[in-house]
Amino acid sequence: MSRTVPLFLSVTPGDPRSITRQITDGIRMSIASGKLPVGAQLPSVRGLAQQLTINPKTVARAYSELASEGWLDACQGLGLFVAAPRQRLSEAERERRLAMALEAFSAEVIGLDYPLEQILDRISATLSPCLNKRSA
-3 MSRTVPLFLS VTPGDPRSIT RQITDGIRMS IASGKLPVGA QLPSVRGLAQ QLTINPKTVA
57 RAYSELASEG WLDACQGLGL FVAAPRQRLS EAERERRLAM ALEAFSAEVI GLDYPLEQIL
117 DRISATLSPC LNKRSA
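Here our numbering is used: the first residue of the sequence shown is -3, the next is one more, and so on.
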């Protein structure tokens, strides 16, 4: 049986994303980058809530969202585990979410006045570990 893998997540009160969103985003990135391998057991709701000093209901909401999206598998009485990769969303939904993410990103970045090349380099550096891991 799998051991619980520690999650190195943090939540930031000043972040414009909700705490639930910060948790789900952090876990998605950990799975996509391979830091959380398939079959790894996540900390319990109570354990992660204590680690992050937040309400357990917030962690439960984040875990529930990730399980419903197919990132996690819930095993009754055993806990939550990283699910095997599979297509989680329809092509139309994937396209819709990509468009929304790019629109939000563009709106945030446009006022920072960086050259396009520098923005693209940073995006590439951020995404490459995740995307290269998935194609390997």
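Using N, Cα and C, we set each Cβ at its ideal position, and we do this for glycine too.
Exercise. Can you give the Cα-Cα distance for residue 12 and residue 72, rounded to whole angstroms?
Worked result: As a first step, residue 12 must be located in the sequence shown, where it is residue number 16. As a first step, residue 72 must be located in the sequence shown, where it is residue number 76. The straight-line gap from Cα to Cα measures roughly 34 Å.
Exercise. Under the rule that 16 or more other beta-carbon atoms within 10 Å means buried, what is residue 131, buried or exposed?
Worked result: On the sequence shown, position 135 is the one that residue 131 refers to. Per-residue confidence for residue 131 stands at a pLDDT of 46, beneath the threshold of 50, marking its modelled position as unreliable; the derived number appears in the next sentence. Label assigned to residue 131: exposed.
For this session: Kindly provide the ranges of any alpha helix (DSSP H) runs that are 4 or more residues long and lie completely inside the segment 74 to 110, ordered along the chain.
Result: Secondary structure remark: continuous alpha helix (DSSP H) runs of at least 4 residues inside the segment 74 to 110, in chain order: 87 to 105.
For this session: Give the straight-line distance between the Cα atoms of residue 70 and residue 95, rounded to the nearest whole angstrom.
Result: Working through the sequence shown from its first residue, we reach residue 70 at position 74. Working through the sequence shown from its first residue, we reach residue 95 at position 99. Straight across, the Cα-Cα distance linking residue 70 with residue 95 is about 30 Å.
Problem set entry | Host alpha helix (DSSP H) of residue 69 (start-end) | Stepping through the sequence shown from its first residue, residue 69 is reached at position 73. Premise fails: residue 69 lies in the beta strand (DSSP E), 68 to 71, not in any alpha helix (DSSP H).
Problem set entry | Secondary structure of residue 54, DSSP reduced to three states | The count along the sequence shown starts at 1 and reaches residue 54 at position 58. Three-state result, residue 54: helix.
Exercise. Between residue 127 and residue 108, what straight-line distance do the alpha-carbon atoms span, to the nearest angstrom?
Worked result: Along the sequence shown, one-based indexing puts residue 127 at 131. Along the sequence shown, one-based indexing puts residue 108 at 112. Those two C-alpha atoms are separated by around 26 Å.
Exercise. According to the neighbour-count rule (16 or more other Cβ atoms, all chains shown, within 10 Å of its Cβ), is residue 18 buried or exposed?
Worked result: Translated into positions along the sequence shown, residue 18 becomes position 22. Per the 10 Å Cβ criterion, buried.
Problem set entry | Per-residue DSSP class, three states only, for residue 16 | The residue given as residue 16 occupies position 20 in the sequence shown. Looking at residue 16 - three-state DSSP - the assignment turns out to be helix.
Problem set entry | Selected residue, minimal CA-CA separation from residue 85, among 104, 103, 64, 74 | Sequence index remark: in the sequence shown, residue 85 carries index 89 (1-based). Closest by alpha carbon: 64.
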